[in-house]
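Numbering (UniProt numbering), first residue to last: 1 to 372.
Beta carbons are placed, not taken as given, at the ideal position from N, Cα and C, and that holds for glycine.
In this text, all values refer to a predicted model and were calculated from it rather than measured experimentally.
Here it is in structure tokens:
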């Protein structure tokens, strides 16, 4: 078996998941070698080579077993079966994925609940650079997924809204004037359109929040309105990308390097209408990968083994009253919650204390509460 045939069958996608710069092109093969490297290995090889300039079978076995510590049944086992090995073949092996100093990940027990594992995660996955002025791009999601990331973040904001063909005030005027010269196409919304939607939503919520078909007000509005949520870093100069395009990219690369579950962490800043659009997009694009609603509640999370090739959506829950109803209890260890206590409660404040020297202590607070 030749080096070429081995590298063709090598799981390069899994190899690429080892890390590296997101924009780096990694095919698992080093094509350009420094002269000092070639010279060094030439000297070592010639030191043990026979009269014909090759290593014989026993030398190959010793090198692979004691120096390289290769798995006898691994991808490089073909070398041990050869009667002799010349210098070009050795260098091809060393510069191929088979010669990578980093081993492939060993099999793990994946039957424990999901919360028992460390998960490779990405923050602000959509950004290609700094958090102030860089671009948001689907390529950033592709790179993260190809590098083995199993938890990605999507910050979603309201995007463009427009009437679907045949709806909207302008279309009503066209029909009254019997103007058939215009082609059916989505129409941009003006001030009057938005005012009409606002009044219509209020009226429907008051008199018929759910129609006979079980559709909510926003479900019905999405029948006549096209909404395209955007992904970007809010209140900055970062460029945006469509939520739909992000979902398509995630679908294409979610399981390229691993079939373990992918967690999509949504940070939603959208209106209820565009949240409905988000749900429709995810149902449409990720349908085959979404986990169905469980028939009964469980006391523990499912295992990675049970969730292979599934996309899990993680999002903060907002109660129907929209207030959140956070409790100002000193039991919380979340830093963000404690900071909110300071803002909302006049009688409490947060004070930082140094962490205990013994990190095995079960006493959690690195912060403590004190009353004025």
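In the DSSP assignment, the alpha helix (DSSP H) including residue 381 goes from what residue to what residue? Summary: the structure shown does not reach residue 381, with the chain confined to residues 1 through 372, and so no result is reported for it.
Would residue 268 and residue 314 be called neighbours here (beta carbons separated by less than 8 Å)? As a position in the chain shown, residue 268 is number 268, starting the count at 1. As a position in the chain shown, residue 314 is number 314, starting the count at 1. Against a cut-off of 8 Å, the Cβ pair of residue 314 and residue 268 comes out as no contact.
Whole angstroms is fine: what's the gap from residue 244's alpha carbon to residue 130's? Looking up residue 244 in the chain shown gives position 244. Looking up residue 130 in the chain shown gives position 130. Approximately 23 Å between the Cα atoms of the pair.
Determine the direct distance from the alpha carbon of residue 246 to that of residue 146, and round the result to whole angstroms. As a position in the chain shown, residue 146 is number 146, starting the count at 1. As a position in the chain shown, residue 246 is number 246, starting the count at 1. In a straight line, the C-alpha of residue 146 is about 15 Å away from that of residue 246.
How long is the line joining the alpha carbons of residue 241 and residue 72, rounded to whole angstroms? Looking up residue 241 in the chain shown gives position 241. Looking up residue 72 in the chain shown gives position 72. Between residue 241 and residue 72, the C-alpha separation is close to 48 Å.
Closest by C-alpha distance to residue 255, when choosing among 282, 279, 144: Numbered from 1 along the chain shown, position 255 holds the residue referred to as residue 255. Ranking 282, 279, 144 by Cα distance to residue 255 puts 144 first.
Give the straight-line distance between the Cα atoms of residue 248 and residue 136, rounded to the nearest whole angstrom. Within the chain shown, numbered from 1, the residue matching residue 248 stands at position 248. Within the chain shown, numbered from 1, the residue matching residue 136 stands at position 136. Whole-angstrom Cα-Cα distance: 15 Å.
Please tell me whether residue 93 and residue 79 are closer than 8 Å, where the distance is taken between their beta carbons. Counting from one through the chain shown, the residue named residue 93 turns up at place 93. Counting from one through the chain shown, the residue named residue 79 turns up at place 79. Yes, the pair counts as a contact, with Cβ atoms nearer than the cut-off.
Along the chain, where does the alpha helix (DSSP H) that runs through residue 77 open and close? Locating residue 77 in the chain shown gives position 77, where the first residue counts as 1. Taken as a continuous stretch (DSSP letters only), the alpha helix (DSSP H) holding residue 77 covers 77 to 80.
Spatial neighbours of residue 159 within its chain, please: C-beta separation below 6 Å, excluding the five flanking residues on both sides. Indexing the chain shown from 1 puts residue 159 at position 159. So the qualifying residues of the chain are 228, 229, 230.
Please report how far the alpha carbon of residue 237 lies from the alpha carbon of residue 44, in whole angstroms. Position 237 of the chain shown, counting from 1, holds the residue named residue 237. Position 44 of the chain shown, counting from 1, holds the residue named residue 44. In this model, residue 237 and residue 44 are separated by some 56 Å (Cα to Cα).
Apart from the five residues just before and just after residue 218, which ones in its own chain have a Cβ nearer than 6 Å to its Cβ? Here residue 218 refers to the residue found at position 218 of the chain shown. The answer, listed in chain order, is 272, 273, 276.
Here's the rule: buried if 16 or more other CB atoms are within 10 angstroms of the residue's CB, otherwise exposed. What is residue 198? Along the chain shown, read from residue 1 onward, the residue named residue 198 stands at position 198. Exposed.
Do residue 124 and residue 153 count as a contact pair if the criterion is CB distance below 8 Å? Stepping through the chain shown from its first residue, residue 153 is reached at position 153. Stepping through the chain shown from its first residue, residue 124 is reached at position 124. In this structure, residue 124 lies closer than 8 Å to residue 153 by Cβ.
Sequence ranges, beta strand (DSSP E) only - wholly within the stretch 189 to 232, length at least 3: 225 to 231
Going by DSSP, which residues form a beta bridge with residue 252? Within the chain shown, numbered from 1, the residue matching residue 252 stands at position 252. None, per the DSSP bridge assignment.
Inter-residue Cα distance where the pair is residue 57 and residue 76: The sequence position of residue 57 within the chain shown is 57, counting from 1. The sequence position of residue 76 within the chain shown is 76, counting from 1. In a straight line, the C-alpha of residue 57 is about 14 Å away from that of residue 76.
Ordered along the chain, which non-local residues of its own chain (more than five positions away) have a Cβ less than 6 Å from that of residue 83? Residue 83 sits at position 83 when you count from the first residue of the chain shown. Excluding residues within five positions, the ones whose Cβ falls inside 6 Å are 57.
Quick check on the burial criterion: 16 or more other C-beta atoms within 10 angstroms. Buried or exposed for residue 106? Taking the chain shown and counting its residues from 1, one reaches residue 106 at position 106. It counts as exposed.
How is residue 53 classed by DSSP in three states: helix, strand or coil? Within the chain shown, numbered from 1, the residue matching residue 53 stands at position 53. Of the three classes helix, strand and coil, the one that applies to residue 53 here is coil, per DSSP.
Boundaries of the beta strand (DSSP E) in which residue 160 is found, first to last residue: Start at 1 with the first residue of the chain shown, and residue 160 comes out as number 160. First-last of the beta strand (DSSP E) with residue 160: 151 to 163.
Between the beta-carbon of residue 85 and the beta-carbon of residue 55, is there less than 8 Å? Numbered from 1 along the chain shown, position 85 holds the residue referred to as residue 85. Numbered from 1 along the chain shown, position 55 holds the residue referred to as residue 55. Yes. Within cutoff.
Roughly how many angstroms lie between the CA atoms of residue 87 and residue 49, to the nearest whole one? Start at 1 with the first residue of the chain shown, and residue 87 comes out as number 87. Start at 1 with the first residue of the chain shown, and residue 49 comes out as number 49. Using only the alpha carbons, I get a separation of about 9 Å.
On the premise that residue 150 lies in contact with residue 262, defined as a C-beta separation below 8 Å, what is that separation, rounded to the nearest angstrom? As a first step, residue 262 must be located in the chain shown, where it is residue number 262. As a first step, residue 150 must be located in the chain shown, where it is residue number 150. That pair is a contact at about 6 Å.
Roughly how many whole angstroms lie between the Cα atoms of residue 298 and residue 113? By 1-based counting over the chain shown, the position of residue 298 is 298. By 1-based counting over the chain shown, the position of residue 113 is 113. C-alpha separation (whole angstroms): 11 Å.
Please go through the same chain and pick out, in chain order, the residues whose beta-carbon is closer than 8 Å to the beta-carbon of residue 283, but skip the five residues on each side of it. The residue given as residue 283 occupies position 283 in the chain shown. Correct list, in chain order: 290.
Measure the C-alpha to C-alpha separation of residue 132 and residue 200 and round it to an integer number of angstroms. On the chain shown, position 132 is the one that residue 132 refers to. On the chain shown, position 200 is the one that residue 200 refers to. For residue 132 and residue 200, the distance between alpha carbons rounds to 38 Å.
Endpoints, the beta strand (DSSP E) within which residue 315 is located: Locating residue 315 in the chain shown gives position 315, counting from the first residue. Taken as a continuous stretch (DSSP letters only), the beta strand (DSSP E) holding residue 315 covers 311 to 315.
Does DSSP put residue 293 in a helix, a strand or coil? In the chain shown, residue 293 corresponds to position 293, counting from 1. Residue 293: coil per DSSP, three-state reduction.
State yes or no: is the beta carbon of residue 238 nearer than 8 Å to at least one beta carbon in chain C? In the structure shown, chain C does not exist; there is a single protein chain.
Measure the alpha-carbon distance for residue 117 versus residue 69 and round it to whole angstroms. As a working mapping, residue 117 is identified with position 117 in the chain shown. As a working mapping, residue 69 is identified with position 69 in the chain shown. Their backbone Cα atoms lie some 29 Å apart in a straight line.
Proximal residues to residue 120 (C-beta, below 8 Å), its chain only, five neighbours per side dropped: Position 120 of the chain shown holds residue 120. The answer, listed in chain order, is 148, 149, 150, 151.
Just curious, the alpha helix (DSSP H) that residue 69 is in, first and last residue? Position 69 of the chain shown, counted from the start, is the residue given in the question as residue 69. From DSSP, residue 69 is part of no alpha helix (DSSP H); its letter is neither H nor E.
Residue 310 burial status per 10 Å Cβ neighbour count (16 or more: buried): On the chain shown, position 310 is the one that residue 310 refers to. With 16 or more Cβ atoms within 10 Å of its Cβ, residue 310 is classed as buried.
Neighbour-count burial assignment, residue 213, 16 or more Cβ in a 10 Å radius: Position 213 of the chain shown, counting from 1, holds the residue named residue 213. By the 10 Å Cβ count, residue 213 comes out exposed.
DSSP-derived helix/strand/coil call for residue 242: As a working mapping, residue 242 is identified with position 242 in the chain shown. DSSP places residue 242 in strand when its eight states are reduced to three.
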